[in-house]
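The working numbering puts the sequence shown at residues 1289 to 1767.
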Amino acid sequence: MTGCFLFSRLLPIGQHHGGGPSDLREKAKRQGRVYRLRPAVKQYAWGIRGADSRVSRYALESGTIQQIDLSAPYAELWLGTHPSGPSKLDDGTDLSMVVDSPQGQLPWLFKVLSAGKALSIQAHPDKERAIRLHAENPSQYKDANHKPEMAIALTPFEAMCGFRRLSEIAVNLRRHREFAACVDIEAQLQVFTAAPTDLAEQRAALTAVFQSFMNCEPEKSKAELAKLIERLRAEQSKSMHASGACHVNPPPDDASGAVATVESPWERKAARAILRLAEQFPGDAGAMAPLFLNYLLIAPGESFFMAANEPHAYVAGEILECMACSDNVVRAGLTPKHKDVANLVDMLAYTMGGPAIEFGILDHQCDGTHTLRYTPPVPEFEVLVTTVEPGHEFVLQPVDVPSILICVEGIGSTRSAPGPDGDEPLRAHQYELKPGQALYITAGTISLVLSCDAKYKGPLRVARARQNLHFAQGPSSYY
């Protein structure tokens, strides 16, 4: 088997190679520990059902559940110490009992998401607002932390992220009279008269149109949504051949032969998304969200970062997600849960344009192994995804922060190896790795070998979350 070593942020360990019991205890402490983890599972209604859900399969493999309920949704797998869903060790002990930090808490939370239908239109508060919301309503906002988050696609993933540019919203106000009916005239005038080069005017107009839409009387917005759905379905039906194939050119509007307005690809995508969301959430005006939020399709391996106070709604697919350790969500639509429209409208940053879609930084590449690093512009977390081809191995060197590793693909194993100072390992740290199996690796843990046997037909792929070790290096190190 061939191997590859990566040296990154090594701890100043070493200088001890023998001695009595106290020396061995000190050596064992320096060498750290690896623990098998059982993540927490969340069965929210939007999750993918049964064994089709990656979350359910991972939960079964990790021992969190004993069997999969084929009728139940499996939405999220939590790896971390958040009190709403703490991971546990094999013996049932809370992970927090072995985390060497204040209150045994990790500064980040690592998740796997399996979305079968849309999550709510939401945003996460910054620290200042999180503290206030937690103090005012601790039953709804369960902690006082902010929640910037990063998503890495495991499958093709659909999401609405960030506000559209004002020019696109103006097109939608003109094209969709039902949407315009939910926005007051003054706000519409601001959209149409804002100078393209005046960012302050553009942001003020965006704020006005979103606030007006969100504060539209529910009965009115529900009625306008019904009209919009009826019209979009009729237009969709009109644009189809009897065989079901779409016309290359738009059909005539009427007997006069007048040609319908040509839609751009993003307009067609938004229309299809509205119909889909309306089926999932009948009567919820949030189904119009694609008219003011960017609608994105993310390929496997691609990622995006959502800062605090940015609107988003994940629609479908499966992702890895890492975030600051918080469960604070301010919702405003596409959900039967508590909606806090006033706070959401007030807290948003009202920036325009979607998030940057990134593929990670190539952190290392050797024969048969490579690692992609996903580093967001926040200090709490980063994620490294390592691929080991059959017949190869990769050595995780000690770092000065704890981490959680989860197998997302393939079969492999771990074992301890001598550290960079030549220390022989006191613990074998031999674990099998299959999709869903997770390990907690303490700060400074001696080198850990990831192996993929040559007999396997595909690679081993693992994702490792940890505190951001590149944040201090500045923007050049992000993604």
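Where is the CB? At the ideal position from N, CA and C, for every residue including glycine.
Once DSSP output is grouped into helix, strand and coil, what is the label at residue i?
i	result
residue 1506	helix
residue 1694	strand
residue 1353	coil
residue 1544	In this prediction, residue 1544 has a pLDDT of 41, which is less than 50 and means its spatial position is unreliable; what the coordinates show is noted afterwards. If DSSP states are grouped into helix, strand and coil, residue 1544 belongs with coil.
residue 1361	strand
residue 1431	coil
residue 1687	coil
residue 1392	helix
residue 1712	coil
residue 1367	strand
residue 1651	strand
Buried or exposed: which applies to residue i, given that a residue is buried once 16 or more other Cβ atoms fall within 10 Å of its Cβ?
i	result
residue 1647	exposed
residue 1727	buried
residue 1547	Interpretation of residue 1547 is limited by its pLDDT of 39, a score under 50 that renders its predicted location unreliable; the figure taken from the coordinates is listed afterwards. The residue in question, residue 1547, is exposed, as its Cβ has fewer than 16 Cβ neighbours within 10 Å.
residue 1359	exposed
residue 1612	buried
residue 1376	buried
residue 1751	buried
residue 1452	buried
residue 1473	exposed
residue 1761	exposed
residue 1735	buried
residue 1644	exposed
residue 1507	exposed
residue 1627	buried
residue 1385	exposed
Where do the ends of the beta strand (DSSP E) carrying residue i lie?
i	result
residue 1568	Segment 1553-1568 is the alpha helix (DSSP H) holding residue 1568; no beta strand (DSSP E) there.
residue 1673	1670-1676
residue 1590	No beta strand (DSSP E) contains residue 1590, which DSSP labels as neither H nor E.
residue 1734	Premise fails: residue 1734 is in no beta strand (DSSP E) and is neither H nor E.
residue 1609	1600-1612
residue 1657	1657-1662
Just the Cα atoms here: how many angstroms apart are residue i and residue j?
i	j	result
residue 1596	residue 1656	38 Å
residue 1545	residue 1397	Only weak support exists for where residue 1545 lies, its pLDDT of 41 falling under 50; the value from the coordinates is given anyway. Their Cα atoms are separated by approximately 58 Å.
residue 1573	residue 1687	48 Å
residue 1346	residue 1399	11 Å
residue 1578	residue 1391	42 Å
residue 1436	residue 1526	43 Å
residue 1536	residue 1551	The predicted model places residue 1536 with a pLDDT of 44, which falls under 50 and marks its position as unreliable; any figure quoted below should be read in that light. If I take the Cα positions, the gap works out to 12 Å.
residue 1694	residue 1467	44 Å
residue 1447	residue 1659	26 Å
residue 1724	residue 1623	28 Å
residue 1701	residue 1562	45 Å
residue 1482	residue 1475	11 Å
residue 1682	residue 1654	9 Å
residue 1747	residue 1590	19 Å
In terms of residue numbering, what span does the alpha helix (DSSP H) encompassing residue i cover?
i	result
residue 1418	1415-1424
residue 1635	1629-1635
Item to complete: Could you pull out every unbroken alpha helix (DSSP H) segment of at least 4 residues lying fully inside the segment 1458-1507, listed in chain order?
Response: 1465-1468, 1473-1481, 1487-1502
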